[in-house]
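Going line by line, the protein sequences match chains W and R. Convert by adding 1 to the 1-based position in the first sequence; the result is the number in this note's numbering. Convert by adding 31 to the 1-based position in the second sequence; the result is the number in this note's numbering. In this text, a Cβ means the ideal position worked out from N, Cα and C, and glycines have one as well. Since the structure comes first, as structure tokens, the remarks are kept for the end.
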Amino acid sequence: MTEAAAGRPAAIETRALRRQFGSTVAVADLSLRVGAGEIFGFLGPNGAGKTTSIKMLLALVAPTSGTGDVLGRPLGDRAARARIGFLPEHFRFHETLTAIELLRFHGRLHGLRGVSLEARIDRLLTRVDLLDAADRPLRGYSKGMLQRVGLAQALLNDPELVFLDEPTSGLDPLGRLLVRGIIDELRSNGVTVFLNSHLLGEVEMTCDRVAFVKRGRVVAQRVLSMPAETLDVELHVESAAPGIVEGLSRFGTNASQPRPGVITLQAHGDAAVPELVCWLVQQGIRIHAVHPRRTSLEDVFLDVMGEDERPG
Amino acid sequence: MSGPASLRSAITVAHLTLVEARRRRIVLAGAVCASAFLTVFGVAVAFAYREMMADAAVSFVQRQATLTFIMLVGFMAANFLSVMFAILLPVDTLSGEIDSGVMQTIASKPIDRAQIVLGKWAGHLLLAVFYLLLMSAGILAVMRLAAGFVPVGVPHAIPLLMLEIAVSLTVSVAGGSRFSTVTNGIMALGFYGVAFIGGFVEQIGGFAGIVSLRTIGIIVSLVSPADSMWRLAAHYLQPEILRGSGGLALGASVPTPLMVWWAAGFTLMALLYAVETFRHRAL
């Protein structure tokens, strides 16, 4: 958890939530804490139990055992649900309705009425860039447009906590940018976002923290918003005099020269990079290129999931 | 959520049900079918009446009995179409939306799941009752305009037919809270089919004086009370003189008024089952 989030009350806290469908265990042990205001990524391979976990948090599926609180209330509490927004993985809709009618229907289920509801609908349709298509039946919408109207639906009640299950699936790059922008706005407004996505690049750009789910259990968590403790750096130099590689060890570990003109090391974080470049220049080394390479979320994901989760 | 707020949620769901029925042209399809049926029925009544009036051998009593029979056949057909409408209209309202995932966004809102069931039930019931009333009004208008015939017992019969609609529709909604759409459709139609056959068995038993057949029919009516409401309505739609001796084979065995209470209680129990099952259903 980020330091900022750790000091805040929990938006979500679960203790050993479990759900079985007959003999099939969909979620074995979901124990996690999401701080208020966090952008939290929930990652795992297909069938890991991510969607069932979200459904338990939303009281769409009752847990077989375990307990949990959402926004300080027990799972399923209606008062808490009034403060939650939800975009399901495959957002389905009443296709005969227009976008305005759909949002009006969902708004009324939140107890919203009249001018304030109409104003919110207008604002959200503008935000998701659907105002021009607002009076068209949803059956004529593209997949991306449906995803965006679903997102507007999830934000109708100005929620404190938003569950987004694969929010960028079906969206083109511009649509993804729009979703990222909305998540950034939610972050700045202090809204907690629980994001389930297969697009690890999106998660990496968006989330403060992620949890990895494997076979119905949270097996690892990782903070993304903190600077990396180590950074792989590859240096292309004209020539490296004896002792240079050893000298670089003050800026990191595992310094080596795999081939002539190339030096690699694991630097002590971002700040070490300009310092080591400066030192090399002082040693009279001509530098052609510096390639810092972070360990991507995909690398971490593959590492956490292991070989046994890879298809084929 | 407070009582009025819960009621508003149920009304919101019922309103959506009505809007959807209109947009999906269900109302239009129902109106077209009703018009087609009433046109055929009207033409038949007009020709039958003209022939009877032209035949001096047909007495007034015979004519009235024949017109009563024609009217009952008309009501039987209208009742059958209305029951089919009541079963098929809501057959996928819960199961279909659960399967498609539409229900996830609705049920995650701050409403009791009971409001979803009750709203859908009420919306569909309004439509089905409207359809029944449309058909019934059409039959009465045809009989009046084409033959100058005004049946007896209409104020008693129509509420009974409405109750039959409520029984059939509620069974369909209740099945949808637990089973898939296809399974529910088969079961709901089967439920009415059993009642229909049970009714025939009871009529034959009454007409032929076979006690065991009547008993079987009554037991079937208790399990599936929909069709017994039609038979009681048919009884009221006949003049007193035709009721006594099992006249027209539609009143050979008449359900007791207690069956009305049983049908109402059955509807309530089926509705409660739908609410409770849907409350605990994984979405």
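Beta-carbon proximity of residue i to residue j, cut-off 7 Å
i	j	result
V180 (chain W)	T193 (chain W)	no
A264 (chain R)	A188 (chain R)	yes
I142 (chain R)	S40 (chain R)	yes
Q148 (chain W)	G171 (chain W)	yes
I196 (chain R)	A219 (chain R)	no
P160 (chain W)	G86 (chain W)	yes
L100 (chain W)	V35 (chain W)	The identity of residue 100 (chain W) in the sequence shown is Ala, whereas the question assumes Leu. Not a contact, by the Cβ cut-off of 7 Å.
T65 (chain W)	R19 (chain W)	yes
P293 (chain W)	V274 (chain W)	yes
L164 (chain R)	A65 (chain R)	no
A272 (chain W)	V234 (chain W)	no
L1 (chain W)	A135 (chain W)	There is simply no residue 1 (chain W) to check, as chain W begins at 2 and stops at 313 in what is shown.
E90 (chain W)	D166 (chain W)	yes
A301 (chain R)	A178 (chain R)	no
E96 (chain W)	R140 (chain W)	yes
N158 (chain W)	H199 (chain W)	no
V122 (chain R)	Y223 (chain R)	no
DSSP beta-bridge partners of residue i
i	result
F43 (chain W)	W:N197, W:A212
E239 (chain W)	Answer is none; E239 (chain W) lacks a bridge partner.
S66 (chain W)	W:R19
Q267 (chain W)	W:D233, W:T254
E14 (chain W)	W:R34, W:D70
H292 (chain W)	W:E235
Q222 (chain W)	W:A212
L249 (chain W)	Bridge partners of L249 (chain W): none, in fact.
I85 (chain W)	W:L162
T97 (chain R)	DSSP output for T97 (chain R) lists no bridge partner at all.
R260 (chain W)	W:V263
V28 (chain W)	W:R20
P138 (chain W)	W:T99
Backbone CA spacing between residue i and residue j [nearest angstrom]
i	j	result
R16 (chain W)	V71 (chain W)	12 Å
F180 (chain R)	L299 (chain R)	37 Å
G277 (chain R)	G237 (chain R)	For G277 (chain R), the predicted structure reports a pLDDT of 49, less than 50, and the residue's modelled location is therefore unreliable. The matter cannot be settled from this model.
T48 (chain R)	F94 (chain W)	13 Å
G230 (chain R)	R105 (chain W)	47 Å
S37 (chain R)	I247 (chain R)	43 Å
L244 (chain R)	M107 (chain R)	22 Å
E14 (chain W)	L162 (chain W)	13 Å
S143 (chain W)	I42 (chain R)	30 Å
S257 (chain W)	L266 (chain W)	6 Å
A75 (chain R)	V104 (chain R)	12 Å
L137 (chain W)	N47 (chain W)	A small fix is needed here, since residue 137 (chain W) is Arg in this sequence, not Leu. Cα to Cα, the separation comes out at about 34 Å.
G34 (chain R)	Q146 (chain R)	11 Å
L303 (chain W)	S32 (chain W)	22 Å
W152 (chain R)	S126 (chain R)	13 Å
A305 (chain R)	L149 (chain R)	9 Å
K56 (chain W)	R82 (chain W)	12 Å
M102 (chain R)	L88 (chain W)	54 Å
F111 (chain R)	V185 (chain R)	17 Å
L279 (chain R)	I250 (chain R)	Because L279 (chain R) carries a pLDDT of 48, less than 50, the predicted location of this residue cannot be relied on, and no value is offered for it.
R316 (chain W)	R79 (chain W)	Past the boundaries of the shown model lies residue 316 (chain W); chain W is included only from 2 to 313, so the question cannot be answered.
R114 (chain W)	D133 (chain W)	23 Å
L401 (chain W)	F164 (chain W)	The structure shown does not extend to residue 401 (chain W), since chain W is modelled only from 2 through 313, so no value can be given for it.
R295 (chain W)	A49 (chain W)	27 Å
A12 (chain W)	G38 (chain W)	8 Å
E233 (chain R)	T214 (chain R)	28 Å
A295 (chain R)	I183 (chain W)	52 Å
M146 (chain W)	Y162 (chain R)	37 Å
E205 (chain W)	A52 (chain R)	45 Å
Whole-angstrom C-beta distance between residue j and residue i, which should lie under 8 Å
i	j	result
G217 (chain W)	A27 (chain W)	6 Å
V291 (chain W)	I264 (chain W)	V291 (chain W) to I264 (chain W), Cβ: 10 Å. No contact.
S208 (chain R)	F309 (chain R)	4 Å
S211 (chain R)	D130 (chain R)	7 Å
F43 (chain W)	A221 (chain W)	Their Cβ separation, rounded to whole angstroms, is 12 Å, which puts F43 (chain W) and A221 (chain W) out of contact at 8 Å.
C208 (chain W)	F41 (chain W)	6 Å
I118 (chain R)	S252 (chain R)	Actually they do not touch by this definition, with Cβ atoms about 18 Å apart.
#### Entry: Near-chain R residues of the region 133-160 of chain W - C-beta to any C-beta below 7 Å
Q154
### Message
Counting only Cβ-Cβ distances shorter than 9 Å, please list the residues of the region 183-206 of chain W near chain R, keeping chain order.
### Response
none
### Task
Quick one: which residues of the region 56-68 of chain W get their C-beta closer than 9 Å to a C-beta of chain R? List them in chain order.
Within the region 56-68 of chain W, the residues whose Cβ lies closer than 9 Å to some Cβ of chain R are K56, L59, A60, L61, V62, A63, listed in chain order.
#### Entry: Residues from the region 94-120 of chain W in contact with chain R, defined by Cβ distance under 8 Å
Those would be F94, H95, T97, L98, E102, F106, H107, R109, L110, H111, G112, in chain order.
#### Entry: Residues, ordered as in the chain, of the region 28-46 of chain W that lie near chain R by beta-carbon distance below 8 Å
none
### Query
Which residues, in order along the region 140-158 of chain R, keep a beta-carbon less than 8 Å from a beta-carbon of chain W?
K140, P141, I142, D143
### Query
Using Cβ-Cβ distances below 7 Å, what residues of the region 113-140 of chain R are close to chain W?
S131, G132, V133, Q135, T136, I137, A138, S139, K140
### Message
Output needed in chain order: residues of the region 41-62 of chain R with a Cβ under 7 Å from some Cβ in chain W.
### Response
T43, L47, E51, R54, R55
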